[in-house]
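Visitor: The structure follows.
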Amino acid sequence: MKNLLEDIEEILLMGPGPSCVPPEVYKALSRKTLGHLDPYFLDIMEELKEMLRRIMNTRNNLTFPISGTGSAGMEAAFVNLVEPGDSVLIIKNGVFGMRMEDVAGRLGAKVDVLEFTWGTPVDLEAVEKKIRQESYRIVAVVHAETSTGVRNPVTEIGTILKGSDSIYLVDTVTSLGGLEIRMDDWNIDVLYSGTQKCLSCPPGLAPLSFSEKAMAKLNGRKTKVPNWYLDLTLIANYWGQNRVYHHTAPVNMLYGLYQALRVIFEEGPEKVFQRHRENHLALIKGLEKLGLKMLVDEPYRLPMLNAVCVPDGVDELSVRRRLRSEFKIEIGGGLGPLAGKIWRIGLMGHTARIENVTRLLMALQEALQESKKVA
Ligand SMILES: Cc1ncc(COP(=O)(O)O)c(C=O)c1O
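Sequential numbering of the sequence shown, starting at 0, is according to numbering that gives the first Met the number 0.
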């Protein structure tokens, strides 16, 4: 039987994730597997936790990667905090806010949703009004809404919540590693991410951090955390000093994340964020030259996820298929109400380079011309 792995092509990953993985990270993934309680591996874990604290700008003790993708991070955040009847406010303007609503609802939370039009940012006045009207146990928002390309004002929401009893929960799956995040300064209590976006590691881990306030809520639960695998009181015994076996850590994935973070710190986070911004601006300029329009107004655009409106008369899917088959480039389509209406172009982590921007713009120009001829 033919080995399918031998024929995997090199595709330029310019969709909503996964992003391109640098060679150093591939190399790290293929290092020799150690036991998950091996003393040398424990040293790697300690450094990994410290690098995560640095990229999140937090001193939180409970900071480590959950075994699982970004959704496992989301699930871990809610499942550890929500007890039946807890009031939760979800600030929603896209698919991932919608997913939060579903996750919190399944846990028996009393979920309240403040929804904004997809493609527009969260309105701070409305948030402030809502939070003053009712006190919530948890207030949750997505920083970088990958489904629309909107950057939500997480710093300002943190300022509104300062001094309140609410636990502030932020999804940074798409933003961590591409935008500055200051967890402690922004009063964020719970933050989770994913490895396959701006951290430029394959999918499989969800960095997570809990503040003291979030830990107090977890430790004060009247009921057990209803999910054994994601119960942080158990997992913390492995990632903390006790080193008690919980589940077999995905050792090689953790090597990958360790190396991916080293790559970011070697370049310097500020330079990495600047590279994201510059390439985003170069992409927008090129798209505008092609006559394309962006979905999101300028001040709210994410550098790492660019939502482009599909022009009238152009078949969204056929352009994407052509990019993939002929030019070996992957971009994403729209989700939910934006399906068929937008393309989502990712400039995440290692992908955010000018040569990739240029290659995509040339390919897109040809694919658009072809699609107009067909129409
Ligand atoms: C903002 C956001 N949150 C959560 C997720 C879920 O992550 P995963 O697909 O890795 O489970 C994603 C994935 O695209 C995302 O973009």
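Beta carbons are placed, not taken as given, at the ideal position from N, Cα and C, and that holds for glycine.
Thinking C-alpha only, which one of F77, K292 and S317 is nearest V140?
Guide: Out of F77, K292 and S317, F77 has the C-alpha closest to the C-alpha of V140.
Visitor: With DSSP collapsed to three states, give me the class of K129.
Guide: Helix at K129.
Visitor: Keeping to the same chain, check which residues put their C-beta closer than 8 angstroms to that of L41; ignore five residues upstream and five downstream.
Guide: Within the same chain, L41 has close Cβ partners R242.
Visitor: Have a look at V112 and M0 and give me their C-alpha separation to the nearest angstrom.
Guide: If you take the alpha carbons of V112 and M0, they lie about 52 angstroms apart.
Visitor: Can G176 and V149 be called in contact, C-beta distance under 8 angstroms?
Guide: Contact flag unset, no.
Visitor: Rounded to the nearest angstrom, what separates Q132 and V153 at their Cα positions?
Guide: Rounded to whole angstroms, Q132 to V153 spans 20 angstroms at the Cα level.
Visitor: Going by DSSP, name the residue or residues bridged to L260.
Guide: Paired residues: none, contrary to the question.
Visitor: Of the residues V307, A306, L286 and C200, which one's Cα is nearest the Cα of R358?
Guide: Here the closest residue by C-alpha is L286.
Visitor: Closer than 7 angstroms to a non-hydrogen atom of ligand 1 - does that hold for the CB of P15?
Guide: Result yes, Cβ under 7 angstroms from ligand 1.
Visitor: Excluding the five sequence neighbours on either side, which residues of its own chain have a C-beta within less than 7 angstroms of the C-beta of R381, listed in chain order?
Guide: Outside the modelled stretch of the chain, which goes from 0 to 374, sits residue 381, for which no answer is possible.
Visitor: Taking the runs of the beta strand (DSSP E) that are 3 residues or longer, which of them lie wholly in the stretch 297–373?
Guide: Runs of the beta strand (DSSP E) inside the stretch 297–373: 304–308 and 341–345.
Visitor: Could I get the ranges of all uninterrupted alpha helix (DSSP H) runs contained in the stretch 228–292, with 4 residues as the minimum, in chain order?
Guide: With a minimum length of 4 residues, the continuous alpha helix (DSSP H) runs that stay inside the stretch 228–292 are 231–238, 250–266 and 268–288.
Visitor: For I54, name the three-state secondary structure that DSSP assigns.
Guide: Correct three-state label for I54: helix.
Visitor: Give the secondary structure of T158 by DSSP, where H, G and I count as helix, E and B as strand, and everything else as coil.
Guide: Looking at T158 - three-state DSSP - the assignment turns out to be helix.
Visitor: Alpha carbon to alpha carbon, what distance is there between L4 and E114?
Guide: Approximately 43 angstroms, taken between the alpha carbons.
Visitor: Would N116 be called buried (16 or more neighbouring beta carbons within 10 Å of its own) or exposed?
Guide: A small fix is needed here, since residue 116 is Thr in this sequence, not Asn. Exposed.
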